[in-house]
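Novice: Convert by adding 8 to the 1-based position in the sequence shown; the result is the number in the numbering used here.
Where is the CB? At the ideal position from N, CA and C, for every residue including glycine.
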Amino acid sequence: MEQIHFMTAYLDQHSKDYTEMSDTIWAYAEHRFQEYKSAALQQAYLEQQGFRIRANLAGEETAFIAEYGAGKPVIAFCGEYDALAGLSQQAGVPRREPLPDQPYGRGHNLLGTGCLAAAAALKARMEAEGLTGTVRYYGCPAEENAGGKAFLVRDGYFDDCDIALYWHPFAYNQVVYGSSNANFRVFFTFHGTAAHAASAPHLGRSALDAVELMNVGVNYMREHMIDEARVHYAVTDTGGDAFNVVQRQAQVLYAIRAPELGQVRHLYDRIVKIAQGAALMTETTVEIKQVASYANMLSNTVICRQMEKYFAQLPPVQYTREELAFARQFKQTLLEEDREGLENGAKAFFGRELAREQLTQPIYTAMAENNKHIAMKGSADLGDVSWKVPAAYFYGASWAAGTPPHSWQAAA
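The following block contains the structure:
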């Protein structure tokens, strides 16, 4: 218990620093690989705390490692600070209200700052006790849509680590024992021939037609893939908004998910054939560019059990009456089906008795013990790290109960 008291006291003592850092990164809201100010802010703070900094790593200008100590064990904390498109939102406002001239937003400001705080607290404990070993904070850019950790793994920056730890803001507390989906992100860019759509349509070859035919083909493929797989897309370039011109170029971005990398590769090969078929039908050409690949997560059971053990020893979070009222406002903004599913969801996570207690408040405080071995439908680039280093992570309750991730409520 002594180490828990030490860590808790240290974090309480420096909570103002972490709150200000988190709020500042939230306001920066920098998109993938553009997190220059967020990375610089964290580097400056950690350097001031006595960490050694290595920056601009693995071809990622906003990736860095802050390190303290020497020798074994090497303990890695993986932080993030990227924002997601479409989640611009006024802070603390319980209604959808995007910020003007700011397209990005989300909760990775909490994720990165929390991991940074953990690394700083561990360093302080090591200094106080004269402990040997190495603490590293990994500043990891572009978790969303690019898999920034994968490049750090590729270039060997995790090769000598003994353990990697991570957390993510969520609507409940849970140590994640299950896997995640492996994931490919791929751009398909079609090139055709422009022409006047009224006077000379026979001379044109529409890249947008090719995108639409590809999407139709993939939709037909869905019936013939494993149930656990997911394929989603977004048209990122329609070729312009001129209706009377045959579109010379158009582009679609695909995310391909399945429980294992081999299954994703199989789906990718099939989707490539569909894209090539769409190009053949429209007499266009297709350029294929894979921009990210996430492995499925290998959660280390030993680390997960330790996380649960120490969570149980932490003093419970005490919310003020004002904070509970604030969370209640957001809980009431949820869709009717989300609110209706809260009770069943709570029973599934906590069991009947504990669920009854947790549902009396607008934000969960207990650890969700059930369903922790179920595989995530989403993907995370920590998966790549976990194939190299024993790794684990947990969800930390940061939002009103029932709040979905990637929502304006989470951003607010």
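Counting only the same chain and skipping the five closest in sequence on each side, list residues whose C-beta sits under 7 Å from that of GLY386.
Specialist: Counting only Cβ-Cβ distances below 7 Å, and skipping sequence neighbours, we find SER188 and ASN189.
Novice: Starting from LEU275, trace the alpha helix (DSSP H) in both directions and tell me its first and last residue.
Specialist: Taken as a continuous stretch (DSSP letters only), the alpha helix (DSSP H) holding LEU275 covers 269–290.
Novice: Ignore the nearest five residues each way along the sequence and tell me which others in TRP395's own chain have a CB closer than 7 Å to its CB.
Specialist: ALA303 and LEU306.
Novice: I'd like the span of the alpha helix (DSSP H) that includes GLN417, first residue to last.
Specialist: Segment 416–419, the alpha helix (DSSP H) holding GLN417.
Novice: Since VAL294 sits in a beta bridge, which residues does DSSP pair it with?
Specialist: Note: VAL294 sits in a beta bridge opposite PHE198.
Novice: How far does the beta strand (DSSP E) with PHE14 in it extend, from its first residue to its last?
Specialist: Careful: PHE14 lies outside any beta strand (DSSP E), inside the alpha helix (DSSP H) at 10–21.
Novice: Could you check the C-alpha separation between PRO8 and GLU268 for me, to the nearest Å?
Specialist: No answer is possible for residue 8: the residues shown for the chain start at 9 and end at 420.
Novice: Based on the DSSP output, what are the partners of TRP175 in its beta bridges?
Specialist: DSSP output for TRP175 lists PHE402 as bridge partner(s).
Novice: Would you check if the distance between the CB atom of ALA206 and the CB atom of ARG256 is smaller than 8 Å?
Specialist: No, Cβ-Cβ distance for ALA206 and ARG256 is not below 8 Å.
Novice: Check whether the stretch 168–188 and the stretch 314–321 are in contact - that is, three or more C-beta pairs closer than 8 Å.
Specialist: Touching, yes, given that three or more Cβ pairs across the two stretches are closer than 8 Å.
Novice: How about GLY247 and ALA218: are their beta carbons less than 8 Å apart?
Specialist: Taking 8 Å as the Cβ cut-off, GLY247 and ALA218 do not qualify as a contacting pair.
Novice: If ALA409 and TYR372 are in contact, beta carbons under 8 Å, what's the gap, nearest whole angstrom?
Specialist: About 5 Å; that satisfies the 8 Å criterion.
Novice: Going residue by residue through the stretch 321–372, where are the continuous alpha helix (DSSP H) segments of at least 4 residues, counting only ones entirely within it?
Specialist: Runs found: 329–339, 344–348, 350–358 and 360–366.
Novice: When DSSP builds the beta bridges, which residues end up paired with TYR145?
Specialist: DSSP lists ALA74 and PHE85 as partners of TYR145.
Novice: Would you mind sorting PRO370 into buried or exposed? The rule is 16 or more other CB atoms within 10 Å of its CB.
Specialist: Classification for PRO370: buried.
Novice: How close, in whole Å, do the beta carbons of ASP249 and ALA258 come, if the pair is a contact with beta carbons under 8 Å?
Specialist: 12 Å between Cβ atoms; not a contact.
Novice: Nearest-angstrom Cα distance between GLY212 and ILE279?
Specialist: Cα to Cα, the separation comes out at about 25 Å.
Novice: Since I believe ARG265 is in contact with ASN378 (beta carbons under 8 Å), could you give me their beta-carbon distance rounded to a whole number of angstroms?
Specialist: With a Cβ gap of about 24 Å, ASN378 and ARG265 do not count as contacting.
Novice: Please classify TYR228: is it buried, with 16 or more other beta-carbons within 10 angstroms of its beta-carbon, or exposed?
Specialist: Burial call: exposed.
Novice: Does DSSP classify ASN181 as helix, strand or coil?
Specialist: In the structure shown, ASN181 sits in a strand (DSSP, three-state: E or B).
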